[in-house]
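Input: a single structure, listed below in structure tokens.
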Amino acid sequence: MREELISLLPNLRRFALSLTGSMADADDLLQITVERVLSKGLPEGADVGKWAFRVCRNAWIDETRYRKIRTASDDETENSYKHSEDGVTKTMDRIALSQVMRAMQALPPPQREALALVAIEGFSYAEAAEALDVATGTIMSRVARARKALSGQFDLKDLLSS
Amino acid sequence: MHYTDEQLSAFLDGELAKQDLEAIEKALKSDAELARRLEALANVDETLQMVFDPLLEAPVPDRITSLLEQHDKTVQNDNDKKVVSLSEHRHKKSGWHFPAAIAASLLAGFFGAQSLNTSGQPVSFPAGMIATGPVNSSSALYAALSEVPSGQSQNGIRPVLSFQSTEGHLCREFTAQKSRALACHNDQGWTVISQSYAPDNAQKGGYATASSHSTEAFDSLVDSLMKGEVLSVDMEKTLIEKKWQKME
Chain A
1 MREELISLLP NLRRFALSLT GSMADADDLL QITVERVLSK GLPEGADVGK WAFRVCRNAW
61 IDETRYRKIR TASDDETENS YKHSEDGVTK TMDRIALSQV MRAMQALPPP QREALALVAI
121 EGFSYAEAAE ALDVATGTIM SRVARARKAL SGQFDLKDLL SS
Chain B
163 MHYTDEQLSA FLDGELAKQD LEAIEKALKS DAELARRLEA LANVDETLQM VFDPLLEAPV
223 PDRITSLLEQ HDKTVQNDND KKVVSLSEHR HKKSGWHFPA AIAASLLAGF FGAQSLNTSG
283 QPVSFPAGMI ATGPVNSSSA LYAALSEVPS GQSQNGIRPV LSFQSTEGHL CREFTAQKSR
343 ALACHNDQGW TVISQSYAPD NAQKGGYATA SSHSTEAFDS LVDSLMKGEV LSVDMEKTLI
403 EKKWQKME
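If you're matching them up, the sequences are chains A and B in order. 154 is the number that the working numbering gives to position 154 of the first sequence; each next residue is one higher, with no gaps. 224 is the number that the working numbering gives to position 62 of the second sequence; each next residue is one higher, with no gaps.
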């Protein structure tokens with residue numbers, strides 16, 4: 001389980017960032033997730049991947065409910081992209097990055113988490129439904145509403161030319 | 163035929179039944195407005211992936227990968243408890259952060275010319291608390307910090323873990339009486355940088371689950387001073403033999 005969890009860390013971290021919108025918060029959330037998975041273990045027959053995302057999402061709910069997660073500056077989040085040299089960061093300028101983060105943060109949390117799992121992590125509706133403990137149809141409508149909301153806020157061509 | 167955003171969205175995700183999927187594919191060939199709506203939704207995914215995918219290539223912070231590595235060691239050494247599990251130690255870690263710059267200046271302050279207590283003499287302090295400042299080289303605390311591996315006790319002093327600080331100093335977190343404290347080593351010897359009074363639970367080897375602000379601040383200080391991971395048992399052993407001279 002440990003090795004599988006290590007290989008999943010980049011994906012979990014990406015999911016955490018899509019939920020929190022800041023790298024510092026994402027890393028705190030990732031740490032809490034790993035600690036919870038390690039301390040509580042894996043339920044019989046559960047898939048580590050799907051389970052870890054569920055733990056991460058629940059930890060995020062707990063954190064935002066009981067503690068006001070601090071809001072990190074955009075700089076902090078942008079810094080985490082310094083390691084990436086694949087041209088994407090060169091094309092997407094700072095404004096575009098923070099614009100996308102802000103648009104994600106503006107989504108209601110249930111839509112945000114559904115969209116993150118399906119559109120970013122590539123989960124099927126059934127997998128996302130299991131991770132979030134809702135019906136498949138709920139995932140379908142949340143993902144659609146999230147996409148619709150975001151499509152009105154940013155357009156790829158606008159971002160690339162900005 | 164009008165298709166809803168939900169249907170178009172499910173189309174993008176490959177979640178439609180075969181007949182619905184084929185119907186939309188067919189409609190797209192003749193319906194420019196439908197194609198435009200679909201493209202707008204698809205652009206959202208493309209943008210999100212361009213923003214979030216680079217993160218997969220970025221290194222995950224050591225403090226998180228070390229939780230898994232440390233966990234592994236803890237399982238292996240479960241019988242002799244020579245390694246303290248970082249995940250156990252940090253189980254109450256929260257989002258609270260000790261600013262790195264303040265942590266570094268705290269360390270610099272103790273090691274700089276304006277050290278609070280340069281005499282090296284023990285300072286009087288309430289029972290159960292450890293004084294911050296230079297540690298008397300003939301004291302039991304100095305001996306324990308220099309000689310005792312993490313996880314073992316000597317004269318009631320129990321080093322918990324060792325690490326190298328961001329400033330290059332070798333530091334050890336330890337418990338003594340009712341306190342948790344942090345000491346770092348420089349060419350003058352050991353200096354207690356910070357301490358956190360944690361009544362009752364510290365002696366049992368565990369910490370209070372209801373984290374007080376001060377223990378949280380203490381954890382955060384340790385986290386922000388720590389460069390990389392907690393030193394391994396072997397590394398610590400070597401340092402004890404070399405009397406905590408800095409690593410090259």
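Here a beta-carbon is modelled for each residue, glycine too, at the ideal position from N, C-alpha and C.
* Asked: How about B/Asn-205: is its C-beta nearer than 8 Å to some C-beta of chain A?
  -> On the second sequence, residue 205 of chain B is found 43 positions in, with the first residue counted as 1. Chain A, which has a Cβ nearer than 8 Å to the Cβ of B/Asn-205, makes this yes.
* Alpha carbon of A/Ser-7 to alpha carbon of A/Gln-31, nearest angstrom -> One-based indexing of the first sequence puts residue 7 of chain A at position 7. One-based indexing of the first sequence puts residue 31 of chain A at position 31. Their Cα atoms are separated by approximately 15 Å.
* To do: Would you please state the rounded distance, in angstroms, between the beta carbons of B/Pro-321 and B/Leu-307? I believe it to be under 8 Å.
  => Locating residue 321 of chain B in the second sequence gives position 159, where the first residue counts as 1. Locating residue 307 of chain B in the second sequence gives position 145, where the first residue counts as 1. Yes, B/Pro-321 and B/Leu-307 are in contact; Cβ-Cβ is about 7 Å, under 8 Å.
* Asked: Does A/Gln-105 come within less than 8 Å of chain B when only Cβ atoms are used?
  -> For the purposes of this step, residue 105 of chain A is taken as residue 105 along the first sequence, with counting starting at 1. Taking Cβ atoms only, chain B never reaches closer than 8 Å to A/Gln-105, which makes this a no.
* To do: Please determine, among B/Thr-353, B/Leu-344, B/Ser-394 and B/Ser-312, the residue with the shortest C-alpha to C-alpha distance to B/Phe-380.
  => As a working mapping, residue 380 of chain B is identified with position 218 in the second sequence. Distances from the CA of B/Phe-380 to each of B/Thr-353, B/Leu-344, B/Ser-394 and B/Ser-312 were compared; the closest alpha carbon is that of B/Leu-344.
* **Assigned exposure category for B/Asn-317 - 16 Cβ within 10 Å defines buried** => Counting from one through the second sequence, the residue named residue 317 of chain B turns up at place 155. It counts as exposed.
* To do: Pull up the CB-CB distance for A/Phe-53 and A/Ala-131, whole angstroms please, since I reckon it's below 8 Å.
  => Taking the first sequence and counting its residues from 1, one reaches residue 53 of chain A at position 53. Taking the first sequence and counting its residues from 1, one reaches residue 131 of chain A at position 131. Rounded, the Cβ-Cβ distance is 5 Å, consistent with contact.
* Asked: Between the C-alpha atoms of B/His-164 and A/Trp-60, what's the straight-line distance to the nearest angstrom?
  -> Here residue 164 of chain B refers to the residue found at position 2 when the second sequence is read from its first residue. Here residue 60 of chain A refers to the residue found at position 60 when the first sequence is read from its first residue. Their backbone Cα atoms lie some 38 Å apart in a straight line.
* **Identity of the residue in B/Gln-407, B/Ser-356, B/Phe-325 and B/Ser-192 nearest B/Thr-294 by Cα** => As a working note, residue 294 of chain B is residue 132 in the second sequence. Comparing Cα positions, the closest option is B/Ser-356.
* Cα-Cα separation, A/Arg-22 to B/Thr-166 -> Taking the first residue of the first sequence as position 1, residue 22 of chain A is located at position 22. Taking the first residue of the second sequence as position 1, residue 166 of chain B is located at position 4. Per the sequence shown, the amino acid found at residue 22 of chain A is Ser instead of Arg. Approximately 33 Å between the Cα atoms of the pair.
* State the DSSP-derived secondary structure class of B/Val-322, mapped to helix, strand or coil. => Sequence index remark: in the second sequence, residue 322 of chain B carries index 160 (1-based). B/Val-322 falls in the strand class under three-state DSSP.
* Through-space distance from A/Pro-110 to A/Arg-142, alpha-carbon basis -> Against the first sequence, residue 142 of chain A aligns to sequence position 142. Against the first sequence, residue 110 of chain A aligns to sequence position 110. Rounded to whole angstroms, A/Arg-142 to A/Pro-110 spans 7 Å at the Cα level.
* Asked: In this structure, what does DSSP give as the bridge partners for B/Val-354?
  -> Position 192 of the second sequence, counted from the first residue, corresponds to residue 354 of chain B. Looking at the DSSP assignment, B/Val-354 forms a beta bridge with B/Gly-295 and B/Ala-345.
* Asked: Cα separation between A/Ala-128 and A/Asp-47?
  -> Position 128 of the first sequence, counted from the start, is the residue given in the question as residue 128 of chain A. Position 47 of the first sequence, counted from the start, is the residue given in the question as residue 47 of chain A. Straight-line Cα distance between these residues: approximately 13 Å.
* Out of A/Leu-107, A/Val-100, A/Met-101 and A/Asp-133, point me to the one whose CA is closest to A/Lys-165's CA. => In this structure chain A extends from 1 to 162, so residue 165 of chain A is not present and cannot be described.
* **C-beta neighbour in chain A for B/Arg-320, strict 8 Å** => Working through the second sequence from its first residue, we reach residue 320 of chain B at position 158. Chain A contact via Cβ: absent.
* To do: Could you pull the start and end residues of the beta strand (DSSP E) that B/Thr-337 belongs to?
  => As a first step, residue 337 of chain B is located in the second sequence; it is residue number 175 there, counting from the start. Per DSSP, B/Thr-337 belongs to the beta strand (DSSP E) from 332–338.
* To do: Drop a sphere of 10 angstroms on the beta-carbon of B/Pro-221, count the other beta-carbons inside from all chains shown, and report buried for 16 or more, exposed for fewer.
  => Here residue 221 of chain B refers to the residue found at position 59 when the second sequence is read from its first residue. Exposed, since its Cβ has fewer than 16 Cβ neighbours within 10 Å.
* How should A/Ala-116 be labelled, buried or exposed, when 16 other C-beta atoms within 10 angstroms of its C-beta is the threshold for buried? -> Within the first sequence, residue 116 of chain A is the residue found at index 116, counting from 1. Label assigned to A/Ala-116: buried.
* Could you tell me whether the Cβ of B/Asn-363 comes closer than 8 Å to any Cβ of chain A? => Here residue 363 of chain B refers to the residue found at position 201 when the second sequence is read from its first residue. With a pLDDT of only 41 at B/Asn-363, under 50, the local geometry of the prediction cannot be trusted, and the value read off the model is given with reservation. Judged by the 8 Å Cβ criterion, B/Asn-363 is not in contact with chain A.
* Is it right to say A/Lys-40 is buried, meaning 16 or more other beta carbons lie within 10 angstroms of its own, or is it exposed? -> Translated into positions along the first sequence, residue 40 of chain A becomes position 40. Under this definition A/Lys-40 is an exposed residue.
* **Cβ-Cβ distance between B/Glu-398 and B/Ser-327 below 8 Å** => Walking along the second sequence from the start, residue 398 of chain B turns up at place 236. Walking along the second sequence from the start, residue 327 of chain B turns up at place 165. No. Outside cutoff.
* Please state if the CB of B/Leu-387 and the CB of A/Arg-147 are separated by a distance shorter than 8 Å. => Against the first sequence, residue 147 of chain A aligns to sequence position 147. Against the second sequence, residue 387 of chain B aligns to sequence position 225. Cβ atoms of A/Arg-147 and B/Leu-387: not closer than 8 Å.
* To do: With 7 Å as the limit, tell me which residues of the stretch 167–178 of chain B have their beta carbon closer than that to any beta carbon of chain A; keep them in chain order.
  => Asp-167, Glu-168, Ser-171, Ala-172, Asp-175 and Glu-177
* Helix or strand or just coil, what does DSSP make of A/Leu-17? -> Translated into the one-based positions of the first sequence, residue 17 of chain A becomes position 17. Helix at A/Leu-17.
* Under a CB-based cut-off of 8 Å, is A/Leu-132 close to chain B? -> Locating residue 132 of chain A in the first sequence gives position 132, counting from the first residue. So no, A/Leu-132 is outside the interface.
* Asked: chain B beta carbons: is any one of them nearer than 8 Å to that of A/Asp-74?
  -> Residue 74 of chain A sits at position 74 when you count from the first residue of the first sequence. Unreliable positioning characterises A/Asp-74 in this predicted model, as indicated by a pLDDT of 45, which lies under 50. The coordinate reading is nonetheless provided below. No, A/Asp-74 does not count as interfacial toward chain B.
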